[in-house]
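2 protein chains.
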Amino acid sequence: MITVLCGGVGAARLLSLLEREAREFKFTAVVNVADDLVLHGLTICPDLDTVTYTLAKINNEVMGWGLVDETWRVNKELEKLGGQAWFQLGDRDMATHLYRSQRLAEGATKTEVARELAAHHKVGLPILPVTDEHVATYLETDIGELSFQEYFVKHRHNVPVYKITFRGIEEATPTNEVMAALSTSERIIIAPSNPLLSIAPVLAVPGVRELLQTRRESIAAVSPLIGGRALKGPADHLMSELGFEPSSYGVAAYYGDLVGHWFIDEVDIDQAEKIEGLGVSVTVLPTIMAEPTSASALAQGILSWLS
Amino acid sequence: MITVLCGGVGAARLLSLLEREAREFKFTAVVNVADDLVLHGLTICPDLDTVTYTLAKINNEVMGWGLVDETWRVNKELEKLGGQAWFQLGDRDMATHLYRSQRLAEGATKTEVARELAAHHKVGLPILPVTDEHVATYLETDIGELSFQEYFVKHRHNVPVYKITFRGIEEATPTNEVMAALSTSERIIIAPSNPLLSIAPVLAVPGVRELLQTRRESIAAVSPLIGGRALKGPADHLMSELGFEPSSYGVAAYYGDLVGHWFIDEVDIDQAEKIEGLGVSVTVLPTIMAEPTSASALAQGILSWLS
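Which chain is which? The protein sequence lines are A and B, in order.
Under our numbering, the first residue of the first sequence is numbered -13, with each subsequent residue one higher.
Under our numbering, the first residue of the second sequence is numbered -13, with each subsequent residue one higher.
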């Protein structure tokens, strides 16, 4: 069994690829919940939903988020009412949030709800929130403190960030399912998700980093930066803003001795030696999963490391 | 100024009629909130919404509840997910609940949200929840204890009821707006809403009944029963189940010395004398508001009493 530490889109794509191309392995997803939000009374878990929708093949490839065959009646009406329509909730997607919110109100955990939704959508692999407790990312920015989704959606991650905090993280505990997956997995892969916003709050749940530090040789990561740029989202400029080099090397240095092996894109071949200098092994290969040939090469590379 | 004590549909129709036919008066609606519910994380206020939608002329006349031009995408998806789709939430209607839930989470009161929604829908008269606090109707029935909406919607008010309780009512307080309306109104009208389920939890908010008892001669009520039957809802069999006579007389006896004048339907003319025996005056007239001639007669009757 292989565990993948996940944020949203990048992780969902990697899981989807591995499920298709590495059928001899069983995968488990451990997913960030620090960008979850409560809006309109609804508990919304964007990363869990992105992973679930993508593995269920009902994700919206055109928009890059949300569901296929989506409509927007509720959000349009909400906008007319003067409500907070900036967090574009689709009608199909809304049903997920209603379902989850009601189940949580009935006493179910996020883990249980994620399992129910995965089962409904016939997703074969376990999708585990890293914690069942409430953790929330806040960002200190040029225009004041923002919640994650205010930063990400309302302001389109277009404001400089000084500091990131994960509220509630010290009091949070990883679920038993997560700790079991992390300790019994043969290998662990850190998805090419945003290191500072998606993976950091997975690692920061007390006990997770400590456990992973005992397993360095079993841990690989796929760099989320290609030629210093993120394919999607603010990882690149966020690295700069917070004092890290916006490059595959910068990300490798940021993760430090947590990772034993790196997969970096071929455009970053000149950084391989510098990354090896951190005491880790490196595979250089195409990593853009949106391109079939490149995706296949990445899958083969990861398969070699797994075998 | 005239205050009308309101439940849902019957009260909304009466207000709509009075607004149209008694233009020389200003009306205020004081509305029941004990059938409000929290479902899927959303705070839903059916009576406030019914009154608002009806006065805004966007209520769905065909269904008898909800909004015109409604669609059901979210609820259909929720049903597919195995969620609690029995409380049929329309897509347009959903926006109201999202808006209200978010505003309440931001610290607004139900009174403020009702005012915002009424303003948005260009409703001219104040629509006041009787209290801003949480009050919830529960019913002891043949199949166990049910919340109001479980009884009303899920079981279509089709199970015998032994007892009705309004949880939280002793701790609730009427809003200042409500107390001001009730004490300064020239006249007060009790709408033909369900006496036991809609009007009782308005009267039971501490302070309301006590204030009204000082104003008996200014208070009239329209009987919700016609020939012993409710036009809509379970008022008739609920009266029987709880030991009251299911008739206009039974309702008059139930309200007792709270009401100084009664409007009863012409089919109940034989009960007029018996009701007058309770020490109140009675007007016998057509009361079915769905029929224009009858509605007009009711309006004229109320106008005579108001003038």
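Even glycine gets a Cβ: it sits at the ideal position worked out from N, Cα and C.
Computed from a predicted model, the values in this text were never measured in an experiment.
Taking beta-carbon pairs under 7 Å, can you tell me which members of the stretch 48 to 81 of chain A lie near chain B? The stretch 48 to 81 of chain A vs chain B, Cβ under 7 Å: Thr57, Arg59, Val60, Glu63, Leu64, Leu67, Gly68, Gly69, Gln70, Asp77, Arg78, Met80, Ala81.
Grab the span of the alpha helix (DSSP H) containing valine 191(B) for me, first residue to last. From DSSP, valine 191(B) is part of no alpha helix (DSSP H); its letter is neither H nor E.
Does the Cβ of serine 179(B) have 16 or more other Cβ atoms within 10 Å, making it buried, or fewer, making it exposed? By the neighbour-count rule (16 or more Cβ atoms within 10 Å), serine 179(B) is buried.
Measure the Cβ-Cβ separation of alanine 285(B) and glutamate 47(B) and say whether it is below 7 Å. It is not a contact, given that the beta carbons lie outside the stated cut-off.
Starting from tyrosine 148(A), trace the beta strand (DSSP E) in both directions and tell me its first and last residue. Taken as a continuous stretch (DSSP letters only), the beta strand (DSSP E) holding tyrosine 148(A) covers 147 to 153.
Give the residues of chain B in contact with serine 87(A), contact being defined as C-beta atoms less than 7 Å apart. The answer, in chain order, is His26, Gly27.
Taking DSSP as the reference, what is the three-state secondary structure of alanine 206(A)? Reduced to three states, the DSSP call for alanine 206(A) is strand.
Using alpha carbons as the reference points, say which of Thr161(A), Pro272(A), Gly154(A), Lys260(A) lies closest to glycine 236(A). Nearest neighbour of glycine 236(A) by Cα position, chosen from Thr161(A), Pro272(A), Gly154(A), Lys260(A), turns out to be Lys260(A).
From the DSSP output, in three-state form, read off serine 293(B) for me. In the three-state DSSP reduction, serine 293(B) falls in the coil class, being neither helix nor strand.
Using beta carbons (cut-off 7 Å, strictly below), is leucine 84(B) in contact with chain A? So yes, leucine 84(B) belongs to the interface.
Closest to glutamate 203(A) by C-alpha separation, out of Tyr240(A), Gly193(A), Leu244(A), would be which residue? Of the listed residues, the one whose Cα sits closest to glutamate 203(A) is Leu244(A).
Can you pull out the residues from the stretch 87 to 101 of chain A whose beta carbon lies closer than 7 Å to at least one beta carbon of chain B? If the cut-off is 7 Å between Cβ atoms, the stretch 87 to 101 of chain A has Ser87, Gln88, Ala91 near chain B.
Name the residues in the stretch 109 to 129 of chain B whose C-beta lies less than 9 Å from a C-beta of chain A; which are they? Against chain A - using a Cβ distance shorter than 9 Å - the stretch 109 to 129 of chain B contributes no residues.
DSSP-derived helix/strand/coil call for arginine 9(B): Coil, per DSSP.
Cβ shell of threonine 57(B) (< 8 Å), same chain only, five flanking positions each side left out: Once the five neighbours on either side are set aside, the close Cβ partners of threonine 57(B) are Gly76, Asp77, Arg78.
Within chain B, partners of histidine 106(A) - CB distance below 9 Å: One finds Lys66, Leu67, Gly68 in chain B with Cβ atoms closer than 9 Å to the Cβ of histidine 106(A), taken in chain order.
I'd like the span of the beta strand (DSSP E) that includes alanine 122(B), first residue to last. Start and end: 122 to 127.
Between the Cα of serine 209(A) and the Cα atoms of Ala276(A), His247(A), Arg195(A), which residue gives the shortest distance? The shortest C-alpha separation from serine 209(A) is found at His247(A).
Measuring alpha carbon to alpha carbon, tell me which of Gly52(B), Asp21(B), Glu102(B) ends up nearest tyrosine 124(B). Out of Gly52(B), Asp21(B), Glu102(B), Asp21(B) has the C-alpha closest to the C-alpha of tyrosine 124(B).
Whole angstroms is fine: what's the gap from glutamate 156(A)'s alpha carbon to histidine 120(A)'s? Distance between glutamate 156(A) and histidine 120(A), taken at the CA atoms: about 11 Å.
Report the residue ranges of all beta strand (DSSP E) runs contained in full by the stretch 11 to 47 of chain B; include only those spanning at least 3 residues, in chain order. Counting only runs of 3+ residues, the beta strand (DSSP E) found wholly inside the stretch 11 to 47 of chain B occupies 13 to 17, 23 to 25, 28 to 30, in chain order.
Who are the near neighbours of leucine 211(A) in its chain, counting only those whose CB is closer than 7 Å to its CB and skipping five residues on each side? The beta carbon of leucine 211(A) sits closer than 7 Å to those of Ala221, Asp222, Pro232, Ser233, Ser234, Val237, all from its chain and outside the five residues before and after it, given in chain order.
Drop a sphere of 10 angstroms on the beta-carbon of alanine 206(A), count the other beta-carbons inside from all chains shown, and report buried for 16 or more, exposed for fewer. Flag for alanine 206(A) reads buried.
From the DSSP secondary-structure annotation, give me the bridge partner or partners of aspartate 251(B). Answer is Leu271(B), bridged to aspartate 251(B).
Run the CB neighbour count on lysine 149(B), radius 10 Å, all protein chains shown included, and call it buried at 16 or more, exposed below. Its Cβ having fewer than 16 others within 10 Å, lysine 149(B) is exposed.
When you compare the stretch 35 to 42 of chain B with the stretch 99 to 119 of chain A, are there three or more beta-carbon pairs, one atom per stretch, that lie closer than 8 Å? By the C-beta criterion, the stretch 35 to 42 of chain B is judged not to be in contact with the stretch 99 to 119 of chain A, since fewer than 3 inter-stretch pairs fall below 8 Å.
Given isoleucine 266(A) as reference, the closest of Gly219(A), Gly242(A), Ile288(A), Thr273(A) once Cα atoms are compared: Reading off the sequence shown, one finds valine at residue 266(A), where the question assumed isoleucine. Checked all of Gly219(A), Gly242(A), Ile288(A), Thr273(A); the closest Cα to valine 266(A) is Gly242(A).
Short of 6 Å in beta carbon distance, which residues of its chain neighbour leucine 0(B), apart from the five on each side in sequence? Order them along the chain. Counting only Cβ-Cβ distances below 6 Å, and skipping sequence neighbours, we find Ala177.
Taking only runs of the alpha helix (DSSP H) that begin and end inside the stretch 75 to 121 of chain B, which ones reach a length of at least 4 residues, in chain order? Within the stretch 75 to 121 of chain B, the complete alpha helix (DSSP H) runs of at least 4 residues fall at 77 to 91, 96 to 106.
Going by DSSP in three states, proline 160(B) sits in which element: helix, strand or coil? Here proline 160(B) carries a strand assignment [DSSP, helix/strand/coil].
Closer than 7 Å by C-beta to proline 187(A): which residues in its own chain qualify, once you throw out the five before and the five after it? Chain order, please. Residues Asn18, Ala20, Val121, Thr123, Phe152, Ile155 of the same chain have their beta carbon placed closer than 7 Å to that of proline 187(A), with the five preceding and five following residues left out of the count.
Taking Cβ positions, are valine 164(B) and valine 116(B) nearer each other than 7 Å? In this structure, valine 164(B) sits near valine 116(B), with a CB-CB distance shorter than 7 Å.
Nearest neighbour of phenylalanine 11(B), chosen from Glu252(B), Ile175(B), Phe249(B) [CA to CA]: Nearest of Glu252(B), Ile175(B), Phe249(B) to phenylalanine 11(B), Cα basis: Ile175(B).
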